[in-house]
Structure formats: C-alpha cells, structure tokens
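Here the first sequence stands for residues 12 to 275, where the numbers follow the numbering used here. As structure tokens, the structure follows; a few thoughts come after it.
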Amino acid sequence: MPELPEVECVVRSLRPWLEGSRISAVEIRSRLAAGGDPASLCRFLAGRRIASARRRGKFILFELAPGFCAIHLRMTGRLLWNGGTGPYTRAVFELDRGRLLLDDVRQFARIYAGLDLPETVAKLGPEPLELTAAEFRGRLLARRGRIKAVLLDQRFLAGLGNIYVDEALHRARIHPLQPAGTLTARRAEGLHGAIVEVLSEAIAAGGSSISDYVDGMGARGAFQLQHRVYGRGGEACPRCGAAVRRIAVAQRGTHFCPRCQRLQ
DNA sequence: ATCTATTCCTGGCTGC
DNA sequence: TGCAGCCAGGAATAGA
Numbered sequence: 012m013p014e015l016p017e018v019e020c021v022v023r024s025l026r027p028w029l030e031g032s033r034i035s036a037v038e039i040r041s042r043l044a045a046g047g048d049p050a051s052l053c054r055f056l057a058g059r060r061i062a063s064a065r066r067r068g069k070f071i072l073f074e075l076a077p078g079f080c081a082i083h084l085r086m087t088g089r090l091l092w093n094g095g096t097g098p099y100t101r102a103v104f105e106l107d108r109g110r111l112l113l114d115d116v117r118q119f120a121r122i123y124a125g126l127d128l129p130e131t132v133a134k135l136g137p138e139p140l141e142l143t144a145a146e147f148r149g150r151l152l153a154r155r156g157r158i159k160a161v162l163l164d165q166r167f168l169a170g171l172g173n174i175y176v177d178e179a180l181h182r183a184r185i186h187p188l189q190p191a192g193t194l195t196a197r198r199a200e201g202l203h204g205a206i207v208e209v210l211s212e213a214i215a216a217g218g219s220s221i222s223d224y225v226d227g228m229g230a231r232g233a234f235q236l237q238h239r240v241y242g243r244g245g246e247a248c249p250r251c252g253a254a255v256r257r258i259a260v261a262q263r264g265t266h267f268c269p270r271c272q273r274l275q
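Now the structure itself:
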C-alpha cells in the first residue's frame with residue numbers, strides 16, 4: 012500500500028509530465044473518489060494549470076494556479092501516466108501532454124480540490140525526513156499511546172503506514188506496544204534514525220510492491236524484498252533468528268521480533 | 001481531550 | 001471445482 016516512499020516515487024515519476032501542464036478536463040467515474048460531488052470537482056479543476064507536483068505525507072499535492080488538488084491513494088490506488096482505462100479507472104485527468112488516470116480496485120482513494128489546502132493536509136504532522144531527532148523526541152514525550160499507534164497517527168508524523176512502522180520499530184529494537192512517552196532520549200534518537208534510514212532505503216529501491224503498488228509509469232518497487240518483519244510472521248528474524256510474531260495493535264496487523272524488541 | 005471500535009470496499013485466500 | 005466467509009488496512013466517523 013502506498014506510504015511515504017511509494018508516494019514519493021509516484022510524484023518523482025510523474026513530475027516531469029505534470030509540472031507546467033494545464034488540466035483541460037477531468038472525468039470522474041466514481042462518485043466516491045470525488046468525495047461525493049464529482050461535478051463541482053471537475054468544474055473546479057478544468058482549465059487550471061499545475062504549477063508544481065509534490066508529496067506531503069501520503070498525499071500527492073498539486074499546487075494549481077490558483078488552488079490545490081490533493082490525491083490520496085489509500086490502499087490500492089494507482090496514479091498512472093497514459094495508461095489504458097479499465098474497470099477500476101475512477102478518474103481521468105486530461106492534460107496538455109497526455110492523460111493521468113486514477114485507478115483503484117477498492118475505491119478508497121480520494122481526490123480533493125479547492126482554493127485552500129484541504130484541512131486533512133493542513134493538519135498533518137511534520138515530514139519524517141525533515142524533522143530533527145530532538146524535535147522527534149520532544150513530540151514523543153507529549154504522547155501517551157503505544158508507540159505503534161502514535162507512529163501511525165498522521166498528525167504526529169506524516170507519511171508512515173503499517174509497513175514502515177513495523178520495519179522502523181524492528182530496526183530500532185522497540186516493542187510496538189511500548190508507551191511512546193517512556194522511550195529514553197537514546198532510544199527515541201535511535202527510532203528517529205531508523206525511520207529516516209528505512210524510508211530513505213525504500214525510496215532508493217522504488218518503494219514496496221506487495222500487491223498493487225506501481226509508480227506513475229507502471230514500474231514496481233523492490234523494497235518488499237528487504238522487509239525484515241512486515242508480512243514475515245513465523246519466519247526467522249534476520250537479526251537473531253527468533254520467530255517473528257504477528258499480533259494486532261490498533262486494529263493493524265503488527266509484526267515484530269519478540270527477542271530483539273522487548274518491552275521496557 | 002484522548003483513545004478505541006466501526007465503516008468503507010473488493011480481490012484473494014482458506015477451508016469445507 | 002465451487003462457494004461462503006474471512007482478511008488486508010488508511011482515514012473518517014462514531015462511540016467510550
């Protein structure tokens with residue numbers, strides 16, 4: 012599922028085609044994708060120029076002239092340049108140099124557009140790759156919940172999802188149920204480093220393609236081959252050899268090594 | 001305020 | 001082979 016690294020790769024692959032382009036028309040094929048009001052979304056977007064295309068958390072954000080368009084791929088959404096339309100095509104953006112498709116089997120993906128930045132984007136926490144370890148530690152201290160739930164909260168930190176939270180906690184040797192505010196400065200710093208490391212490596216590998224993810228050109232990522240615990244319940248921990256456990260935390264499948272990651 | 005449970009959605013998998 | 005039933009989960013929403 013697209014998390015920060017996947018969305019970053021989508022944006023990088025599409026940016027050359029999108030920036031400076033004018034949206035001539037938008038066709039919405041799924042009412043859900045447009046948040047219930049396809050007509051006004053199309054009306055707003057038609058004729059506007061995309062000044063820049065960038066990522067914010069897990070959102071793909073177009074700065075328009077004027078206004079904003081934000082796209083969230085959720086679980087199975089794909090943004091594809093000049094692909095063929097199919098039964099799962101939910102929206103078609105006609106642009107100067109081609110067309111951009113939003114495909115999504117499960118109809119969770121959403122498109123927002125308006126003169127103001129959508130509220131959900133405005134309320135996002137800081138970017139993990141732009142935050143210092145000290146700032147990260149400070150934010151952690153203010154939280155009461157379990158570390159996994161806190162890291163999944165987009166208002167705390169923008170862009171982490173289930174895969175990269177499990178992978179970062181394993182690298183930092185922190186148990187997913189550890190209360191966030193109890194991490195020592197040293198361990199919080201280690202977690203910050205693990206987050207930066209895993210996200211950077213994942214971006215370099217083109218993201219994780221587990222089932223649906225591909226970038227804007229249809230290319231799969233390779234980082235799923237480097238997952239150490241995510242999706243590996245029952246397998247040997249690559250660090251110590253103990254069997255990776257799978258539990259539920261915050262209604263999410265959670266993978267961790269019971270030997271390397273101990274509650275403290 | 002803060003945390004937890006539910007809902008949305010459907011392809012793929014499991015088990016009978 | 002067929003099919004019912006369950007599972008995956010990001011974020012909005014409702015409930016505690």
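Think of the CB as a built atom: it goes at the ideal place given N, C-alpha and C, for glycine as much as any other residue. All figures in this text were calculated on a predicted structure; none of them were measured in a lab.
Residue i versus the options, residue with shortest Cα-Cα distance
i    : options                : result
G201 : L188, G172, R148, R250 : R148
F104 : S32, A253, Q237        : S32
T193 : R231, R256, S51, R154  : R154
A36  : R26, A45, P129, L56    : L56
L72  : V18, G58, G47          : V18
G88  : T96, F119, C80         : F119
D114 : L43, S211, L106        : L43
Residue i in three-state terms, based on DSSP
i    : result
G264 : strand
A102 : strand
F55  : helix
R184 : coil
S35  : strand
R273 : strand
Chain-order list of residues whose beta-carbon lies under 6 angstroms from that of residue i (same chain, five-residue window excluded)
i   : result
A76 : R60, A62
For residue j and residue i, the rounded distance between their alpha carbons
i    : j    : result
V240 : T100 : 33 angstroms
L111 : R26  : 12 angstroms
Same chain only: Cβ atoms within 8 angstroms of residue i, ignoring 5 sequence neighbours per side
i    : result
L188 : R157, I158, K159, V260, L274
Identity of the residues DSSP links to residue i by a beta bridge
i    : result
S220 : Looking at the DSSP assignment, S220 forms no beta bridge with any residue, so it has no partner.
W28  : In the DSSP output, where bridge partners are listed per residue, W28 has none listed.
I174 : DSSP output for I174 lists no bridge partner at all.
L90  : L113
I61  : L75
Y123 : A81
A277 : For the chain, the structure presents residues 12 to 275; residue 277 sits outside this window and is missing.
F70  : R67, H83
Cβ-based neighbour list, residue i, same chain, cut-off 7 angstroms, excluding 5 preceding and 5 following
i    : result
P269 : A253, R256
R243 : V255, H266
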